[in-house]
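Chemist: Before we start, here is the structure in question, set down as structure tokens.
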Amino acid sequence: MTRKNQKRFEVIHPDCAAVDVGGGEHLAAVDPTKCADPVKRFSTFTDDLHAMADWFESMGVKMVAMEATGVYWIPLFEILDRRGFKVYLVNSRATRQITGRKSDVLDCQWILQLMTHGLLRGAFRPSDEVCSLRSLVRQRGNKVRDQAKALNRMQKALVQMNIQLAQVISNIAGVTGMSILRAIVEGERDPEVLAMLRDKRVKADQATVARSLRGNWRAEHLHALSQELAAYDFLEKQIGECDQAIAHALERLPVLQADVVPPSKTLRNPHRSNEQQLILHRALNKAMGVDLTAIPTIGIDTALVLASELGADLSRFPTSQHFCSWLGLAPPTRISGGKPLPG
1 MTRKNQKRFE
11 VIHPDCAAVD
21 VGGGEHLAAV
31 DPTKCADPVK
41 RFSTFTDDLH
51 AMADWFESMG
61 VKMVAMEATG
71 VYWIPLFEIL
81 DRRGFKVYLV
91 NSRATRQITG
101 RKSDVLDCQW
111 ILQLMTHGLL
121 RGAFRPSDEV
131 CSLRSLVRQR
141 GNKVRDQAKA
151 LNRMQKALVQ
161 MNIQLAQVIS
171 NIAGVTGMSI
181 LRAIVEGERD
191 PEVLAMLRDK
201 RVKADQATVA
211 RSLRGNWRAE
221 HLHALSQELA
231 AYDFLEKQIG
241 ECDQAIAHAL
251 ERLPVLQADV
261 VPPSKTLRNP
271 HRSNEQQLIL
281 HRALNKAMGV
291 DLTAIPTIGI
301 DTALVLASEL
311 GADLSRFPTS
321 QHFCSWLGLA
331 PPTRISGGKP
341 LPG
């Protein structure tokens, strides 16, 4: 086939640009027919990000494609989005360069070429209000996991002293467990006195609890227990602050259901009072338009994750099949030799 008869890719997005995102600098590329220097370097300082947006505007750019590289893309994405550009955040798998041809300049030009011919799809990113909620919910999740680690280290210190409290109560973070731990940290060592802090709902009798509290009190393990209990309390305070920020973020979301039906069930949470649970529950119902907790096994925390990761507007997903694929629940479509390929 002669070069004259070869088919060329159709230009789908003539007014686009591309950015190779990095930690210290970004490389931006525009259509080489529009200027003599189609590739420019910009630092990651805020004024340079605005300078990049100014350059794009002067070149008549309408949309910008960039790879989702770590968290480095977030400031640039937000600035370009506020400046009115349609930003495509693309998976790095879709922009893989030809083997042996790898440089930052070539990368941004390659992304530009793929975008020009409509070969890239933008990743799902909810509205700015939902993104704010998502950051808060993820931060709360981090704090809950950190608190669980502190609790595990407290349990380790107890076991090293052969304090078998976890064998007689179901949860050392409960009323009985925390009362006994605080008394130990404050200096109490008498098993009988510690056992008197047992809540009446504990199945094990007082004598059994006292037996579990006879151990080898070592200074180094008591020091670790004291520090981890302080960390646990500090994280509990931070989780409460996250809950307050989440409630305010939910109030800023568009209201889809003004007349909220009171929740039909009380959903308990170890970190929140019933009143706090009710406030979050009602705010979730208003923002989502439905009561997600009506689904079996879905509680407030799981509903918060769904609301913060997706928002109420699912129009970006054309069908339920697309949504299932985005969730990773659809069968793989990349198959070679009868075997599914990753990615």
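Position 42, counted from 1, in the sequence shown is what UniProt numbering calls 42; the numbers after and before it change by one each time, with no gaps.
Don't be surprised by glycine CBs; every beta carbon is placed ideally from N, CA and C.
None of these values were measured; they are calculated from a predicted model.
If you run the structure through DSSP and keep just helix, strand and coil, what is residue 308?
Modeler: Taking the sequence shown and counting its residues from 1, the one referred to as residue 308 is at position 308. DSSP places residue 308 in helix when its eight states are reduced to three.
Chemist: Please check the pair residue 73 and residue 161, which I expect to be a contact at CB under 8 angstroms, by giving their CB distance rounded to whole angstroms.
Modeler: Locating residue 73 in the sequence shown gives position 73, where the first residue counts as 1. Locating residue 161 in the sequence shown gives position 161, where the first residue counts as 1. Between residue 161 and residue 73 the Cβ distance is about 49 angstroms, and since that is not below 8 angstroms, they are no contact.
Chemist: Name the DSSP beta bridge partners of residue 88, please?
Modeler: On the sequence shown, residue 88 is found 88 positions in, with the first residue counted as 1. Residue 88 pairs with 65.
Chemist: Let me make sure I understand the geometry here. Which of 20, 114, 127, 54 has the alpha-carbon closest to that of residue 357?
Modeler: Absent from the structure is residue 357, since the part of the chain shown begins at 1 and ends at 343.
Chemist: Identify, in the order they occur along the chain, each residue of the same chain with its Cβ nearer than 7 angstroms to the Cβ of residue 195, setting aside the five sequence neighbours on each side.
Modeler: On the sequence shown, position 195 is the one that residue 195 refers to. Closer than 7 angstroms at Cβ, skipping near neighbours: 206, 209, 210, 213.
Chemist: Nearest-angstrom Cα distance between residue 177 and residue 292?
Modeler: Locating residue 177 in the sequence shown gives position 177, where the first residue counts as 1. Locating residue 292 in the sequence shown gives position 292, where the first residue counts as 1. Rounded to the nearest angstrom, the two C-alpha atoms are 33 angstroms apart.
Chemist: If the criterion is Cβ atoms closer than 9 angstroms, does the pair residue 279 and residue 247 meet it?
Modeler: Locating residue 279 in the sequence shown gives position 279, counting from the first residue. Locating residue 247 in the sequence shown gives position 247, counting from the first residue. Contact: yes.
Chemist: In chain order, what residues of the same chain have a beta carbon less than 8 angstroms from the beta carbon of residue 61, not counting five sequence neighbours either side?
Modeler: Within the sequence shown, numbered from 1, the residue matching residue 61 stands at position 61. Correct list, in chain order: 15, 16, 17, 30, 85.
Chemist: Return the CA-CA distance between residue 188 and residue 159, expressed in angstroms with no decimal places.
Modeler: Counting from 1 along the sequence shown, the entry for residue 188 is found at position 188. Counting from 1 along the sequence shown, the entry for residue 159 is found at position 159. Taking the straight line joining both Cα atoms gives about 18 angstroms.
Chemist: In chain order, what residues of the same chain have a beta carbon less than 8 angstroms from the beta carbon of residue 22, not counting five sequence neighbours either side?
Modeler: By 1-based counting over the sequence shown, the position of residue 22 is 22. Counting only Cβ-Cβ distances below 8 angstroms, and skipping sequence neighbours, we find 44, 69, 72, 104.
Chemist: Given 8 angstroms as the limit, is there contact between the stretch 306–320 and the stretch 130–146, that is, 3 or more CB pairs closer than that?
Modeler: Enough Cβ pairs lie closer than 8 angstroms, so yes.
Chemist: Could you check the C-alpha separation between residue 175 and residue 200 for me, to the nearest Å?
Modeler: Position 175 of the sequence shown, counting from 1, holds the residue named residue 175. Position 200 of the sequence shown, counting from 1, holds the residue named residue 200. So the alpha carbons of these two residues sit roughly 10 angstroms apart.
Chemist: With DSSP as the reference, identify every bridge partner of residue 39, one or two as the case may be.
Modeler: Here the question's residue 39 lines up with position 39 in the sequence shown. Note: residue 39 sits in a beta bridge opposite 29.
Chemist: Give a yes or no on whether the C-beta atoms belonging to residue 28 and residue 11 are separated by under 9 angstroms.
Modeler: The residue labelled residue 28 in the question sits at position 28 within the sequence shown. The residue labelled residue 11 in the question sits at position 11 within the sequence shown. For residue 28 and residue 11, no; Cβs fall outside 9 angstroms.
Chemist: Helix, strand or coil for residue 291, going by three-state DSSP, please let me know.
Modeler: Counted from its first residue, the sequence shown places residue 291 at position 291. Residue 291: coil per DSSP, three-state reduction.
Chemist: Going by beta carbon distance, what residues of the same chain come within less than 6 angstroms of residue 228, once the five residues before and after it are set aside?
Modeler: Taking the sequence shown and counting its residues from 1, the one referred to as residue 228 is at position 228. Correct list, in chain order: 150, 153, 154.
Chemist: Could you name the residues that DSSP lists as bridge partners for residue 18?
Modeler: Taking the sequence shown and counting its residues from 1, the one referred to as residue 18 is at position 18. Residue 18 pairs with 29, 65.
Chemist: Taking the Cβ atom as the reference point for each residue, do residue 95 and residue 120 lie within a distance shorter than 9 angstroms?
Modeler: If you number the sequence shown from 1, residue 95 lands on position 95. If you number the sequence shown from 1, residue 120 lands on position 120. Yes; because the gap between Cβ atoms is below 9 angstroms, this pair is in contact.
Chemist: In angstroms with no decimal places, state the Cα-to-Cα distance between residue 323 and residue 179.
Modeler: In the sequence shown, residue 323 corresponds to position 323, counting from 1. In the sequence shown, residue 179 corresponds to position 179, counting from 1. Looking at the two C-alpha atoms, the distance is approximately 47 angstroms.
Chemist: When you compare only the Cα positions, how much space is there between residue 333 and residue 321?
Modeler: The residue you call residue 333 lines up with position 333 of the sequence shown. The residue you call residue 321 lines up with position 321 of the sequence shown. Rounded to the nearest angstrom, the two C-alpha atoms are 13 angstroms apart.
Chemist: Any idea if residue 163 is buried or exposed, counting beta-carbon neighbours within 10 angstroms, 16 or more meaning buried?
Modeler: Within the sequence shown, residue 163 is the residue found at index 163, counting from 1. Residue 163 comes out buried.
Chemist: Let me check one thing: in DSSP terms, what residues is residue 335 bridge-paired to?
Modeler: Locating residue 335 in the sequence shown gives position 335, counting from the first residue. For residue 335, which the question treats as bridged, DSSP gives the partners 340.
Chemist: When you compare each of 124, 42, 117, 46 to residue 316 by their alpha carbons, which one comes out closest?
Modeler: Along the sequence shown, read from residue 1 onward, the residue named residue 316 stands at position 316. Considering only alpha carbons, the answer is 124.
Chemist: Once the 5 residues before and after residue 169 are set aside, which same chain residues still bring their CB inside 6 angstroms of it?
Modeler: The sequence position of residue 169 within the sequence shown is 169, counting from 1. Taken in chain order, the residues that qualify are 176, 177, 202.
Chemist: Run through the DSSP bridge pairs and tell me what residue 285 is partnered with.
Modeler: Walking along the sequence shown from the start, residue 285 turns up at place 285. Answer is none; residue 285 lacks a bridge partner.
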